[in-house]
Amino acid sequence: MTPRAIEDLPTTFTPRAAVLDIDGTLIDDDLVLQPRTAAAVRHATVPIILATGRMYTSALPWARELQVSLPLVCYQGALVRALPRGDTPGQVIFEEGLAPAVALAAIAIAREHDWHRQAYANDMLYCEQDRPEAHLYAAIAQVPIQFVEDLDEVVRNGSTKVVCVSEDRAVVEACVKALTEGLGDRARVTRSMSSFIEVVSPRVNKSLAIELVCSTLGLSLSEAVAVGDAPNDIEMLKAAGCGVAVRGGRPEVLAAADATCGVPAEAGVADVLEHFGLTGTALSLAPSMR
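So for the sequence shown, our numbering puts the first residue at 2; every next one is plus one.
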């Protein structure tokens, strides 16, 4: 059953925080952030936590754009890191990457099928082949690519995550299946965007990492509203006091949610914040922005 629309959801629950995914939730595939969404987040009356599959370097500009000050949940929850203060780098609060043997196994599976693969170390993106998929990812993440001859050398001390990229739906499904079966319980295989297959430690997910941030506020995720659109958001949608999925998402994502909201182009996140009375912008926005 599809969850009811956010506007039809009773307001008996009063969130004490809001947790927001970035891609497909706050911004669309063209990296467009609607002015109404930006205003609603900037004027939120509760703490805002950003939880994303993005690298820290990639998420940081969006946190600054939205004037979010809390630590960022990145890499599907494999990294929680505070924002920089002046010239002082942000403190790493939590980090757990893939074990070296698992990262090597994931890369080997991708190589066997000639799927594009990439790895991460020290918040940098590494690829061993100059393929269109690498540039697709880099354009979305807005980060540079470090090309190396052999990814195995990059991950010998572990990798924050390993990612395969394909715009071919059949390849994506085959990749998810092969990685899931090949890695078993040594890794968690999930999807952030439709073209990205992400491999992280089995001991991390967005929900667990968000709880770390919530605990610094004296809160729990069960006291927050969470908004997301992809399989990597399922745990946080289930654990939140109210989980809101972006309309048009995969069935398993919708099944994890209590309600749905509009896509980024419709400023769905703004609708959620306004529905719960969590932003000071609802009455002041000009009609052209609503």
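Backbone N, C-alpha and C define an ideal beta-carbon position, used for all residues, glycine too.
query	result
Can you give me the C-alpha to C-alpha distance between residue 43 and residue 81, rounded to a whole angstrom?	21 Å
Would the segment 258-265 count as touching the segment 213-225 if we require 3 or more Cβ pairs under 8 Å?	no
Compute the beta-carbon to beta-carbon distance between residue 264 and residue 29, rounded to the nearest angstrom, for a pair I have assumed lies under 8 Å.	7 Å
Quick one, are the C-beta atoms of residue 245 and residue 205 less than 7 Å apart?	no
Assuming residue 203 and residue 188 make a contact with CB atoms under 8 Å, what is their CB distance in whole Å?	6 Å
Take the Cβ of residue 197 as the centre, count every other Cβ of all protein chains shown within 10 Å, and call the residue buried at 16 or more, exposed below.	buried
Please report the straight-line C-alpha distance between residue 79 and residue 108, rounded to a whole angstrom.	18 Å
Under a three-way DSSP split, which group does residue 290 fall into?	Low confidence applies here, because residue 290 scores a pLDDT of 39, under 50, leaving its location unreliable and the question unanswered by this model.
Quick one: Cα of residue 119 to Cα of residue 152, how far?	7 Å
Anyone know if the C-beta pair for residue 33 and residue 51 falls short of 7 Å?	no
Below 8 Å CB to CB, which residues in the same chain sit around residue 13 once its five sequence neighbours on both sides are set aside?	none
When the distance is taken between beta carbons, is residue 155 closer than 7 Å to residue 127?	yes
Leaving out five residues before and five after residue 6 in sequence, what residues of the same chain have Cβ atoms less than 7 Å from its Cβ?	260 and 261
What distance in whole Å lies between the Cβ atoms of residue 92 and residue 83, which are believed to be in contact at a cut-off of 8 Å?	5 Å
By how many angstroms is the C-alpha of residue 97 removed from the C-alpha of residue 178?	24 Å
Note the first and the last residue of the continuous beta strand (DSSP E) segment covering residue 260.	260-262
In chain order, which continuous runs of the alpha helix (DSSP H) of length 4 or greater are located wholly inside the segment 13-46?	36-43
Pull up the distance between the alpha-carbon of residue 1 and that of residue 95, whole angstroms please.	The structure shown does not extend to residue 1, since the chain is modelled only from 2 through 291, so no value can be given for it.
Determine which residues share a DSSP beta bridge with residue 75 and list them.	80
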